[in-house]
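Residue numbers (the working numbering), protein chains in the order written: chain W, 55 to 329; chain D, 55 to 329. Even glycine gets a Cβ: it sits at the ideal position worked out from N, Cα and C. Working notes for the structure below.
Protein chains: 2
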Amino acid sequence: MTFRDKLVNATQRNNSLLCVGLDPDPVRLHGMDVGSFLCSIVEATSDIVCAYKPNLAFYEQMGETGYQALRDVLKAIPNDVPVIADAKRGDIGHTAEAYARAIYDELGFDAATVNPYLGGDAVKPFLMREDKTALIVCRTSNPGAGDFQDLLVTFEGKTQPLFEAVARRAHDWNSRGNVGLVTGATYPEEMARLRHLCPEMPFLVPGIGAQAGDLGPAVRAGLDAEGAGIMINASRQILYEGDAPRTAASARAAAASLRDAIERERAGAREELRT
Amino acid sequence: MTFRDKLVNATQRNNSLLCVGLDPDPVRLHGMDVGSFLCSIVEATSDIVCAYKPNLAFYEQMGETGYQALRDVLKAIPNDVPVIADAKRGDIGHTAEAYARAIYDELGFDAATVNPYLGGDAVKPFLMREDKTALIVCRTSNPGAGDFQDLLVTFEGKTQPLFEAVARRAHDWNSRGNVGLVTGATYPEEMARLRHLCPEMPFLVPGIGAQAGDLGPAVRAGLDAEGAGIMINASRQILYEGDAPRTAASARAAAASLRDAIERERAGAREELRT
C-alpha cells in the first residue's frame with residue numbers, strides 16, 4: 055500500500071485528521087523506558103489517528119537509546135497507519151539517495167518531510183519512491199518562518215513569496231502523485247493560498263497546541279475538495295500534561311478530544327460549503 | 055578549544071585547506087568493517103588535513119552498523135583536528151535544540167551544516183553554542199542549486215539572489231564569530247560574491263573531484279584576506295579508487311596530492327595579490 059492509500063484509509067476508518075507526533079522528551083521521561091512509553095501511546099491511539107509522525111531530532115539527541123526507541127515505536131505502529139519521518143532532510147543527489155535509503159529502506163517509513171532549499175535534483179531521490187510521499191517543507195509554523203519563505207521572488211515571470219514558488223515547483227514534481235506540503239497552522243492565510251495552488255496534495259499541518267495555532271481557521275484553510283487532505287499534527291499536548299508524561303488512558307483522552315474538535319470544525323466547514 | 059581555533063591551528067600545522075569527507079559507501083565497502091576502514095583513513099591523513107567531515111546520510115543508511123561506525127571514526131579523529139557534522143539540519147526552535155544536542159553533546163562534533171530555509175529562530179540553537187560553528191547552507195554545488203537559491207528577491211530594499219540574502223542574514227547572525235557558509239566549488243563567481251559579503255567567515259567548499267569543480271577558480275574565489283578561510287572538501291576521490299576502497303597508503307597519497315595542489319593554487323593566488 056502506498057502512503058496515500060494508507061492515509062485515505064486511516065482517515066476514513068478512524069474518522070480522523072489527527073496526526074500524533076511521537077517526540078520523546080528525555081527530561082519529561084526521566085527514568086522511564088522511552089520505547090515502552092511511546093509504544094503505550096501508539097497502542098492507546100492507533101484507532102483514532104490518521105498518521106503518526108516521529109520527529110527524528112528527538113531520538114537522535116538520545117544516541118543509541120533513542121535509535122532503539124525509534125525501532126521499538128516503528129514496530130508497534132500497525133501496518134495500516136501511515137508513518138511520517140519528520141526529518142526535514144535536504145542534500146545533493148548522491149547524499150539525498152542515502153537519506154531516502156535510511157528513512158524508507160532501513161527504517162521503513164511511509165513518508166518524509168524534505169527541505170527544498172537545494173533544488174529539484176536534491177528532492178528527486180525522494181520523488182522516485184512512488185509508494186512513498188515527500189512532504190515538502192513550504193511555509194513553516196515558527197515565528198521566523200517568513201525570514202526567507204516570505205521574501206518576494208520573481209518566479210515564472212510573476213512576483214510572489216518564495217514559499218509560493220516552492221509550492222509551484224512541488225506541483226510540477228507531483229507527476230507521480232507522491233508529493234505533499236508542510237504548512238503551519240499558525241499561518242492560515244498562507245495555507246489557504248497553498249490549497250489554491252496545490253488542490254490535490256496532502257498537507258502536513260504542525261503548530262496546533264503548544265505552538266498556539268487556532269484549529270478552526272487552520273482546518274478551513276487546509277481542507278481539500280473532498281473535505282480531507284490535511285494531517286493536523288499534535289505532539290506535546292498528547293504525550294505530556296505539563297511536565298509529566300501522560301498515562302495511556304490520558305493520552306487517548308487527549309487525542310480523542312482533539313480528533314473530535316477537528317471533526318467538528320470539519321463538519322462545520324462542510325456545512326458552510328453546502329450552503 | 056573552539057572550532058575556529060582548531061581550524062586555524064590545523065590549517066597552519068598541516069599546511070592544508072583540505073577537508074576529507076568521511077562518507078562510507080556500503081556498496082564499495084561490501085564485506086569490510088566500515089568503522090575500521092574509516093579509522094584507517096583518519097590515521098593515514100590526520101597530519102595533512104584541516105578538518106574532517108562525516109556526512110550523516112551515509113551512516114544513517116546503514117542503521118545501527120552505521121551508527122557504530124560513526125562512533126568509531128569520531129573516536130579515532132585526534133582532538134586537535136576539527137570535525138564537521140554534514141547534516142544540513144533545519145527545524146523550528148524546540149526541534150533545532152534537539153538536533154544541536156544530538157550533534158554537539160551526544161556525538162561531540164565541532165561544527166554542523168545548517169539549512170537556513172526555516173529562518174533565524176530555527177538557526178538560533180546552533181548559534182547559541184559559542185565554541186561550535188554553524189555552517190549555513192548558502193549556495194550549493196549541485197546542478198539544481200539555482201532552482202531557489204538564485205531566484206531574485208527583494209531584501210533590505212535591494213534586489214539580489216536569494217543566496218545573497220541568506221549570506222547577509224548569516225552575517226547578522228555572526229555576532230559570536232561562530233558562523234560560516236557552505237558554497238560549492240562548482241560556482242566560483244557566486245563564491246567570490248559571498249567572500250565579498252562575508253569577508254571574515256570560514257567557507258566549507260564541496261564540489262571538487264567527483265562533482266568536477268575546478269580547483270584554481272574555487273581557491274581564488276574563496277580565500278580570505280589572510281589567504282585561508284576555506285575548507286576544500288573531497289570524499290570519494292580520497293576514499294575510493296573507482297569502485298574499490300583505497301588502502302591507507304593510497305588514501306594518504308591521494309589526500310597529499312590534493313592538499314599540495316590546493317597549496318600551489320593558494321601560493322599562486324597570494325603571489326597575484328602581492329603584485
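{"Query": "Under 8 Å between beta-carbons, which chain W residues line up against L206 (chain D)? List them in chain order, please.", "Result": "V207, T208"}
{"Query": "Which residues of chain D have a Cβ atom closer than 9 Å to the Cβ of T194 (chain W), listed in chain order?", "Result": "D145, I146, Y171, L172, G173, A176"}
{"Query": "In three-state DSSP terms, what is E243 (chain W)?", "Result": "helix"}
{"Query": "Less than 6 Å between C-beta atoms, sequence neighbours within five positions excluded: which residues of the same chain meet that for I292 (chain W)?", "Result": "V74, A305, A308, A309"}
{"Query": "Checking contacts by CB at 9 Å: is Q115 (chain D) closer than that to chain W?", "Result": "yes"}
{"Query": "How would you list, in chain order, the residues of chain D whose beta-carbon sits under 8 Å from the beta-carbon of E160 (chain W)?", "Result": "E114, Q115, M116, G117"}
{"Query": "Looking only at DSSP bridge pairs, what is E295 (chain D) linked to?", "Result": "D:A298"}
{"Query": "Please report how far the alpha carbon of P78 (chain W) lies from the alpha carbon of V88 (chain W), in whole angstroms.", "Result": "7 Å"}
{"Query": "For the segment 315-328 of chain W and the segment 118-135 of chain D, state whether three or more C-beta atom pairs, one from each stretch, are separated by less than 8 Å.", "Result": "no"}
{"Query": "Looking at the strands, I want to know which residues DSSP matches up with G200 (chain D).", "Result": "G200 (chain D) pairs with nothing; no bridge assigned."}
{"Query": "What are the boundary residues of the beta strand (DSSP E) that R183 (chain W) is part of?", "Result": "Where R183 (chain W) is concerned, there is no enclosing beta strand (DSSP E), given that its DSSP letter is neither H nor E."}
{"Query": "What residues in the segment 90-115 of chain W have a beta carbon less than 8 Å from any beta carbon of chain D?", "Result": "N109, A111, F112, E114, Q115"}
{"Query": "Which word fits K142 (chain W), buried or exposed, when buried means at least 16 other C-beta atoms lie within 10 angstroms of its C-beta?", "Result": "buried"}
{"Query": "Measuring CB atoms only, is the segment 198-218 of chain D touching the segment 226-233 of chain D, in the sense that at least three cross pairs come out at less than 8 Å?", "Result": "no"}
{"Query": "Helix, strand or coil: which one does DSSP assign to T208 (chain W)?", "Result": "strand"}
{"Query": "Scan the segment 271-290 of chain D for residues whose Cβ lies nearer than 8 Å to a Cβ of chain W and list them as they occur along the chain.", "Result": "none"}
{"Query": "Just reading off the alpha helix (DSSP H) that L128 (chain D) is part of, what are its end residues?", "Result": "117-130"}
{"Query": "CB-CB under 7 Å to N109 (chain D), same chain, minus the five flanking residues each way: which ones, in chain order?", "Result": "G75, D77, D140"}
{"Query": "Just to confirm the assignment, what range does the beta strand (DSSP E) spanning A105 (chain W) have?", "Result": "105-107"}
{"Query": "Does the Cβ of N196 (chain D) have 16 or more other Cβ atoms within 10 Å, making it buried, or fewer, making it exposed?", "Result": "buried"}
{"Query": "Would you mind telling me which residues of chain W sit closer than 7 Å to P197 (chain D), beta carbon to beta carbon, in chain order?", "Result": "D175"}
{"Query": "Do you know whose CA, among W:P299, W:D297, W:R290, W:E325, lies nearest L277 (chain W)'s CA?", "Result": "W:E325"}
{"Query": "Taking the C-alpha atoms as reference points, what is the distance between N287 (chain D) and Y153 (chain D)?", "Result": "23 Å"}
{"Query": "Looking only at DSSP bridge pairs, what is D140 (chain D) linked to?", "Result": "D:N109"}
{"Query": "Report all residues from its chain with a CB closer than 6 Å to the CB of L71 (chain D); omit the five preceding and five following residues, and keep chain order.", "Result": "C104, I284, I286, I316"}
{"Query": "Would you verify that the beta carbon of Y241 (chain W) is, or is not, closer than 9 Å to some beta carbon of chain D?", "Result": "no"}
{"Query": "Alpha carbon to alpha carbon, how far is R222 (chain D) from S90 (chain D)?", "Result": "42 Å"}
{"Query": "Can you look up F163 (chain D) in the DSSP assignment and give me helix, strand or coil?", "Result": "coil"}
{"Query": "Using CA coordinates, which residue listed in W:M182, W:M116, W:F257, W:D145 is at the minimum distance from I157 (chain D)?", "Result": "W:M116"}
{"Query": "Should V137 (chain D) and P170 (chain D) be called a contact, given that it needs their Cβ atoms to be closer than 9 Å?", "Result": "no"}
{"Query": "According to DSSP, is I316 (chain D) part of a helix, a strand, or is it coil?", "Result": "helix"}
{"Query": "Give the straight-line distance between the Cα atoms of V273 (chain W) and L92 (chain W), rounded to the nearest whole angstrom.", "Result": "27 Å"}
{"Query": "Quick one, which residues of the segment 124-142 of chain D are near chain W if we go by CB-CB under 7 Å, in chain order?", "Result": "K142"}
{"Query": "Starting from T237 (chain D), trace the beta strand (DSSP E) both ways and give me its first and last residue.", "Result": "233-237"}
{"Query": "Under the assumption that G234 (chain W) contacts F257 (chain W) (Cβ atoms under 8 Å), give the Cβ distance between them as a whole number of angstroms.", "Result": "6 Å"}
{"Query": "Can you give me, in chain order, the residues of the segment 213-245 of chain W that have a beta carbon less than 8 Å from any beta carbon in chain D?", "Result": "L216, A219, V220, R223"}
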